[in-house]
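Asker: Before anything else, here's the structure in question.
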Amino acid sequence: LQSVRGQLAALSIAAVVIIVGVPLWWRTTETYRAWLPVSQIKELAKLQLHLSADVEVVFARGTVTPEQQKKVPLTQTQNMEHRVDGDSFNAILTPMRLSNSASVEADLSLHTLSESPSGSLVVYVIPESSSLLPQNVDVYIGQRRTALLRIGSQMRVGKTLEQLLAHMEPRIKQVLHVMSFSHTDITAALSNRVRISPGNKESIADSMRAFKSSPGYEITFSLLNPDPKSHRLHWDIEGAVETYIQPLLTKLSPVANFSIDSQTLYYAMLGVNPRFDSSRSTYTLNADSLAHVINPVEARLGSNAASSNPVLNFLLYIPDAHHSPLYIHDHKKQQVPTNAFHSPRWGGIMVYNVNEFYEVDTVFPVDINIDMAKVMGVFLAQLRLLLGVQSSTPPPGFLVAPCGNAGLADWELDRLMWSRSVENIATATTTITSLAQLLDQIGNIVINDNIAQQVSSAVTSLQLAVSELEAGNLGFALQYSKEAILSSERAFFDPSLLHLLYFPDDQKFAIYIPLFLPMCVPILLSLLKIVSEARQKHREKKPKKD
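Below you can see the structure in the form of C-alpha cells.
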C-alpha cells in the first residue's frame with residue numbers, strides 16, 4: 001500500500017509539473033510580440049513612386065487658327081521614367097491639359113492670373129506680336145505657378161495642330177524642368193539611399209549642401225564682436241528678421257516649423273589668422289582656410305540640448321581694427337562679392353567691414369550701426385540654399401521673375417514640397433523596413449502595443465502619402481509623409497527595443513536549469529521506477545509457455 005501511495009504521489013507531482021508548471025513557466029517567460037503589418041511593409045520596400053503634375057496650356061487669341069481650335073484635345077498625357085541607381089524608383093506622369101481661350105486679352109499680366117493648386121502649372125501661349133515680353137525673351141516665368149510662352153507666326157502658319165504641339169513640346173518641357181520637379185531634385189532627395197553617378201556632380205553638390213528633411217529647424221543669428229574696445233555694434237536683428245526672414249519662413253510653414261533666436265558674442269575670434277596683402281593694404285581669408293574657421297567659433301555658439309531639430313547658424317563677423325578691412329577670396333584668388341561663405345548643412349558666415357568708420361583722430365570705441373538690408377540679403381540667399389531651394393540656371397530665352405518680398409516663388413515652394421515628400425517617403429520606408437528586418441532576426445525583442453501602433457500608423461501614413469502624391473495633391477502628400485517620418489522614428493528609437501534588456505534563449509536555459517534540475521531528477525527517477533515496476537508486473541502476469 002505504501003508503494004502505491006508513493007507511485008500516486010510521484011505521478012501527481014509529475015502531472016502538475018507537466019500540465020501546470022511547464023505551461024506557466026513558458027507563458028511567464030515568453031516574449032510579448034504584438035502584431036505588425038509585415039506584408040504591407042514588404043510591399044513598401046518594393047515601392048515604385050508615381051508623381052503626377054498637372055500642366056494646363058492656355059492659348060491666347062491669335063496663337064491658333066479657327067481650324068486648329070476645333071482640334072485642340074482636352075487632355076494629353078506624357079510619361080517620363082526616371083531611374084535612380086539602376087532601379088525604376090520613380091515613374092513620373094505628366095498630364096497636360098490643353099485649352100483655347102479667346103478671353104485672354106493682350107494686356108494680360110502675371111498679377112491678374114488666376115491661382116493654381118499646389119503642384120500644378122499654367123502655361124499661357126501668347127502670339128509673337130504681344131508686347132508682354134521683351135524681344136529677346138521667349139518664356140517668362142512669374143512668381144506664381146504660371147509662365148508665358150511666346151509662339152512665332154512661322155510656327156503656326158501652314159501647320160497642323162499636331163505639328164504645332166510637337167514644335168511647342170520641347171519648350172514646355174524646359175518650363176517643366178525649371179518650375180516643377182526634375183531628375184536632379186529626385187536624385188538629391190534620395191542621395192542618402194542610392195548611389196549617385198560620379199559624373200552627376202551637380203546632384204551631389206546640391207544634396208550635400210542642403211539640410212535633410214526635418215519636422216523643424218532652429219535658426220540662430222550671431223553677431224561676433226572680437227574687439228569690443230574698438231567698436232560698439234548696433235544691429236536691429238528683430239526688425240530685420242521680421243522684414244526679410246519671416247515672410248520666407250511663413251511661406252515655408254507647410255514644409256517645417258521654424259524657431260529663431262539671436263545672440264551677441266564678445267571676444268569671439270575666427271581661429272584663423274588672415275594674411276596681409278601689402279599690394280592692396282587689406283587682409284584676406286583664402287578659400288583653403290575657410291574650413292578651419294568654423295570649429296573654433298562653433299564652440300562659442302552653444303546649442304539647445306532640449307531640441308533634436310537641426311540648427312542653421314548665421315554669423316556676422318566684424319573684424320577688429322587691427323585686421324580691417326578683411327576680404328574673403330575664392331579658389332581663383334578673386335574677392336568674393338558678398339564677402340561671405342556658407343558651409344553645407346551648417347550655416348553661413350559673413351564678414352562685415354567697418355574700416356570706413358576709422359579715422360586718424362577716431363576715439364574708440366566707435367558706435368556703428370550695421371546695415372541690416374545688406375546683411376539679410378546675403379543670409380536670405382544662404383538660407384534658401386541650406387533649405388534645399390534649388391536655383392537652376394534657366395535655358396536661353398528664359399526670363400525668371402525675382403522671388404519678391406516673400407523670398408520664394410510659389411513654384412519654388414512646390415519644387416521643395418515635391419522633393420521633401422519624396423525624401424520623407426523614402427526615409428520612413430527605409431526606417432520601417434529596417435525595423436521589421438531587425439525584429440524578424442531577433443525574436444526575443446519585446447514588441448509592445450505602442451510600437452505596433454506606431455508602425456501601423458507609419459504604414460498607413462505612407463500609403464496615404466503615396467496615394468496623394470500620385471494624385472497630385474501635394475499639400476496632403478507632404479503632411480502624410482511628415483506624419484510617417486514621426487511615427488516611424490518613434491517606433492525605431494523606442495527604448496523598449498534595446499536588445500540588451502532581454503535574455504537570449506540559451507541564457508534563459510542556463511539560468512533555469514540549475515533551479516529546476518534538482519527538483520526534476522527525483523521526479524524522473526520515480527517515474528522510471530514506476531515504469532520499471534509496471535513492466536515487471538506485466539511480465540509476471542503473462543502465461544508461461546510449455
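For the sequence shown, full-length UniProt numbering gives the first residue as 1, with consecutive numbering after it.
Ideal Cβ placement from N, Cα and C applies to all residues, glycine included.
1. Report the partner residues of ILE126 according to the DSSP bridge assignment.
2. If I measure Cβ to Cβ from GLY271 and keep anything under 8 Å in the same chain, skipping five residues before and after, which residues do I get?
3. Who does ALA340 pair with in a DSSP beta bridge?
4. Give the DSSP-derived three-state secondary structure of TYR283 in the structure shown.
5. Out of LEU462, SER324, PRO319 and PRO247, which one is the CA nearest neighbour of SER281?
6. Determine, using beta carbons only, whether ILE41 and ILE451 come nearer to each other than 7 Å.
7. What residue range does the beta strand (DSSP E) around GLU56 cover?
8. Could you spell out where the alpha helix (DSSP H) holding ILE237 opens and where it closes?
9. To the nearest angstrom, report how far apart SER39 and SER467 are at their CA atoms.
10. Give me the residue from ALA240, PRO395, VAL363 and LYS251 with the minimum Cα distance to ASP261.
11. Can you tell which of VAL455, SER213 and ARG209 has its C-alpha closest to the C-alpha of GLY348?
12. In terms of DSSP beta bridges, what is ARG275 paired with?
13. Taking Cβ positions, are SER461 and TYR480 nearer each other than 7 Å?
14. Kindly give me the distance between the Cβ atoms of GLU470 and SER52, rounded to whole angstroms, as I take these residues to be in contact under 8 Å.
15. Where do the ends of the alpha helix (DSSP H) carrying ASN424 lie?
16. With DSSP as the reference, label VAL455 as helix, strand or coil.
17. Would you mind giving the Cβ-Cβ distance between PRO310 and TYR217, rounded to the nearest angstrom? I have them listed as a contact below 8 Å.
18. State buried or exposed for ASP410, treating a residue as buried only when at least 16 other CB atoms are found within 10 Å of its CB.
19. Is it right to say SER308 is buried, meaning 16 or more other beta carbons lie within 10 angstroms of its own, or is it exposed?
20. Does the beta-carbon distance from THR146 to ASN444 come in below 7 Å?
21. State the CB to CB distance for the pair SER421 and ALA465, rounded to an integer number of angstroms; the pair is presumed to be in contact (CB under 8 Å).
22. Assign GLY397 to one of three DSSP states: helix, strand, or coil.
23. What is the DSSP secondary structure of SER259, counted as helix, strand or coil?
24. Give the straight-line distance between the Cα atoms of VAL531 and ILE442, rounded to the nearest whole angstrom.
25. To the nearest angstrom, how far is it from the Cα of LYS529 to the Cα of GLN507?
26. Assign TRP26 to one of two classes, buried (16 or more other C-beta atoms within 10 Å of its C-beta) or exposed (fewer than that).
27. Is it right to say THR427 is buried, meaning 16 or more other beta carbons lie within 10 angstroms of its own, or is it exposed?
28. Please say whether LEU248 and LEU408 have beta carbons closer to each other than 7 Å?
29. Which residue's Cα is closest to the Cα of MET168: TRP235, THR63 and GLU356?
30. Just to confirm before moving on: does the CB-CB distance between ARG300 and ALA268 stay below 7 Å?
31. Between LEU290, VAL57, ILE219 and SER253, which has its C-alpha nearest LEU386's C-alpha?
32. Contact defined as beta carbons within less than 8 Å: I believe TYR317 pairs with TYR352. What is the distance between those atoms, to the nearest angstrom?
33. Pull the bridge partners of ARG232 from the DSSP assignment, please.
34. Relative to the C-alpha of ILE151, which candidate in GLY397, ASP330 and VAL20 has its C-alpha closest?
35. In whole angstroms, give me the CA-to-CA distance for LEU132 and PHE181.
36. Does the Cβ of LYS541 have 16 or more other Cβ atoms within 10 Å, making it buried, or fewer, making it exposed?
Answerer: Inspection of the coordinates gives the following:
1. ARG150
2. HIS292, VAL293, ASN295, PRO296 and VAL297
3. MET350
4. strand
5. SER324
6. no
7. 55–59
8. 237–240
9. 18 Å
10. ALA240
11. ARG209
12. THR284
13. yes
14. 6 Å
15. 410–441
16. helix
17. 6 Å
18. buried
19. exposed
20. no
21. 7 Å
22. coil
23. strand
24. 42 Å
25. 32 Å
26. exposed
27. buried
28. yes
29. THR63
30. yes
31. ILE219
32. 7 Å
33. ASP367
34. GLY397
35. 27 Å
36. exposed
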